[in-house]
Amino acid sequence: MVALSEKVIVVEAGEKSGSLHTVALARKQGKELLAVPGSIFSPTSVGTNNLIASGVAKSFMLKNTHSEQVQRLGMKLNESEEEVVGLLKIEGPMGVNEISRRTGSGAGEILSRLMKLEMSGILSEERGIWRML
Numbered sequence: 001m002v003a004l005s006e007k008v009i010v011v012e013a014g015e016k017s018g019s020l021h022t023v024a025l026a027r028k029q030g031k032e033l034l035a036v037p038g039s040i041f042s043p044t045s046v047g048t049n050n051l052i053a054s055g056v057a058k059s060f061m062l063k064n065t066h067s068e069q070v071q072r073l074g075m076k077l078n079e080s081e082e083e084v085v086g087l088l089k090i091e092g093p094m095g096v097n098e099i100s101r102r103t104g105s106g107a108g109e110i111l112s113r114l115m116k117l118e119m120s121g122i123l124s125e126e127r128g129i130w131r132m133l
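As numbered in UniProt numbering, residues 1 to 133 make up the sequence shown, in order.
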């Protein structure tokens, strides 16, 4: 895929991620590298953050991605849903209990918000961890 691309965008990469092998191939071929920065607390962001910090890749972020998606769907998020989306957007993937702790809302209430956001195509859940799409 690297050979067919003008640019390579790395969305997530752990410290020893296979994505970093793709980065090495892209560098050898002189491709422009972009990386999506992630939470400094997320193991799946170590590789991308290191690529940016070392100057190997430029930082790549879509501004207001969730807001644009919500507008396209013609829906409005309430304040509590915006709070959850904002937290995940800034801090990265996390579980219900952590979201509950950080927002001060009960786990049941948080789960209800998360389900609505998942059904709207804004979030996804895998193995108890919620993340932005």
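Quick reminder that beta carbons are idealized off the backbone N, C-alpha and C, glycines included.
Note that the coordinates shown come from a computational prediction; the quantities given were computed from them, not determined experimentally.
Cβ shell of Ala-57 (< 8 Å), same chain only, five flanking positions each side left out: For the purposes of this step, residue 57 is taken as residue 57 along the sequence shown, with counting starting at 1. The residues are Val-10, Val-23, Leu-33, Leu-34, Ala-35, Thr-48 and Leu-51.
Lys-31 to Gly-55 span [Cα, whole Å]: Here the question's residue 31 lines up with position 31 in the sequence shown. Here the question's residue 55 lines up with position 55 in the sequence shown. The straight-line gap from Cα to Cα measures roughly 14 Å.
Coil, strand or helix - Glu-32 by DSSP: Locating residue 32 in the sequence shown gives position 32, where the first residue counts as 1. Reduced to three states, the DSSP call for Glu-32 is strand.
DSSP bridge partner residues for Ile-9 (one or two, in chain order): Residue mapping note: residue 9 aligns to position 9 of the sequence shown, counting from 1. Note: Ile-9 sits in a beta bridge opposite Leu-34.
Where Met-119 sits in the DSSP three-state scheme: Here residue 119 refers to the residue found at position 119 of the sequence shown. Three-state DSSP puts Met-119 in a helix.
Under 8 Å between C-beta atoms of Leu-111 and Ile-122: As a first step, residue 111 must be located in the sequence shown, where it is residue number 111. As a first step, residue 122 must be located in the sequence shown, where it is residue number 122. Going by C-beta atoms, Leu-111 is not nearer than 8 Å to Ile-122.
Host alpha helix (DSSP H) of Ile-40 (start-end): For the purposes of this step, residue 40 is taken as the residue at position 40 of the sequence shown. Careful: Ile-40 lies outside any alpha helix (DSSP H) and carries neither H nor E.
Residues bridged to Glu-125 [DSSP beta-bridge criterion]: Translated into positions along the sequence shown, residue 125 becomes position 125. For Glu-125, which the question treats as bridged, DSSP gives the partners Trp-130.
Every unbroken alpha helix (DSSP H) inside the UniProt domain "DprA winged helix" (77-122) [4 residues or more]: 79-91, 96-103 and 107-119
Simplified DSSP state of Thr-17, which is helix, strand or coil: Within the sequence shown, residue 17 is the residue found at index 17, counting from 1. It is worth fixing the name first, because residue 17 is Ser in this sequence and not Thr. In this structure, Ser-17 counts as coil in the three-state DSSP scheme.
Assigned exposure category for Leu-114 - 16 Cβ within 10 Å defines buried: Along the sequence shown, read from residue 1 onward, the residue named residue 114 stands at position 114. Leu-114 should be labelled buried.
Contact set for Gly-92: own chain, Cβ-Cβ below 6 Å, skip 5 residues either direction: Residue mapping note: residue 92 aligns to position 92 of the sequence shown, counting from 1. The answer, listed in chain order, is Gly-38, Ser-39 and Ser-42.
Cβ-Cβ separation, Thr-103 to Val-84 (assumed contact under 8 Å), whole Å: Residue mapping note: residue 84 aligns to position 84 of the sequence shown, counting from 1. Residue mapping note: residue 103 aligns to position 103 of the sequence shown, counting from 1. Yes, they are in contact, since the Cβ atoms of Val-84 and Thr-103 sit about 7 Å apart, within 8 Å.
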